[in-house]
Amino acid sequence: MILFVNACVRKNSRTKRLAECLLSRIPGEIRELRLSEIAFPVTDEAFLEKRDRLTAEKKYDDPLFDLARQFAEADTLVIAALFWDLSFPASLRQYLEQVNVPGITFRYTEEGIPVSLCRARRLYYVTTAGGYYFPEEYGYGYVKVLAENFYGISDVRLIRAAGLDIEGIDAEQVLRECMENLKLTEQTFIE
3 MILFVNACVR KNSRTKRLAE CLLSRIPGEI RELRLSEIAF PVTDEAFLEK
53 RDRLTAEKKY DDPLFDLARQ FAEADTLVIA ALFWDLSFPA SLRQYLEQVN
103 VPGITFRYTE EGIPVSLCRA RRLYYVTTAG GYYFPEEYGY GYVKVLAENF
153 YGISDVRLIR AAGLDIEGID AEQVLRECME NLKLTEQTFI E
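Written as structure tokens, this is what we have:
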């Protein structure tokens with residue numbers, strides 16, 4: 003199962019269009035999770051106490067952990083999030099807080115080292131940016147570090163189109179070229 007984590011905000015999102023192009027090239031069942039439709043709980047003391055109690059009691063079937071279980075069971079992950087204020091939309095951060103659960107998506111060794119409990123071995127991070135200033139260590143870098151160090155996903159791929167809001171740039175042409183490049187490298191999605 004391919005889990006499509008859609009953190010796109012706009013109805014006609016350029017990031018979503020790019021992600022859909024990618025998804026059309028990956029064989030398998032796709033489950034889309036629209037983060038804009040989720041009312042994430044506030045991470046306050048009461049929430050943390052409940053979460054800590056449930057994980058201590060190993061009650062991982064609680065609905066609080068539905069998103070984490072879905073994430074852990076995915077064969078491939080596709081995250082679509084525009085480059086926003088040097089990162090990504092807040093809903094993606096909230097989502098990652100919900101799926102980063104010891105006992106479901108990872109566990110700690112006695113030495114405190116995280117070990118993956120996730121099935122996925124590949125994660126695609128799809129993004130677009132209005133300008134060219136796009137340091138990879140920010141939004142994408144955060145997701146990549148989580149994927150590699152907590153979820154055991156060593157194959158993390160960045161797919162991006164940048165400069166879409168620069169005056170004089172044909173944003174549609176930039177997107178078309180990026181999508182065409184995806185078509186030319188189709189074999190890498192089937193491996």
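Sequential numbering of the sequence shown, starting at 3, is according to the numbering used here. Every residue gets a Cβ at the ideal spot worked out from N, C-alpha and C, and that includes glycine. Bear in mind that the values here come from a model prediction, so they are computed numbers and not experimental data.
Annotation for V176: the continuous alpha helix (DSSP H) segment containing it runs A173 to L186. CA-CA distance, G170 to K52, rounds to 52 Å. Our two residues, E59 and G105, have alpha carbons roughly 11 Å apart in a direct line. Here Y110 is exposed. Its C-beta has fewer than 16 other C-beta atoms within 10 Å. Sorting V145, A149 and A122 by C-alpha distance to the C-alpha of P116 places A149 at the top. Taking C23 as the centre and dropping the five residues before and after it, the same chain places the C-beta of M181 and L184 closer than 6 Å to its C-beta, in chain order. When C-alpha distances from P29 are compared across E99, L35, L56 and F6, the shortest belongs to F6. In this structure Y127 does not touch L94 by the C-beta definition: roughly 10 Å separates them, more than the 8 Å allowed. Counted as a single uninterrupted DSSP element, the beta strand (DSSP E) harbouring N8 occupies residues I4 to N8. Taken atom to atom, the span from the alpha-carbon of F49 to that of E179 is near 45 Å.
Around R124, the same chain offers T78, L79, I155, D157, V158 and R159 as residues with beta carbons nearer than 8 Å, after the five sequence neighbours per side are excluded.
Annotation: the continuous beta strand (DSSP E) that includes Y127 extends over R124 to T130. It is roughly 5 Å from the alpha-carbon of N8 to the alpha-carbon of R36. For A76, the closest of E112, F136, S118 and A164 by C-alpha to C-alpha distance is S118.
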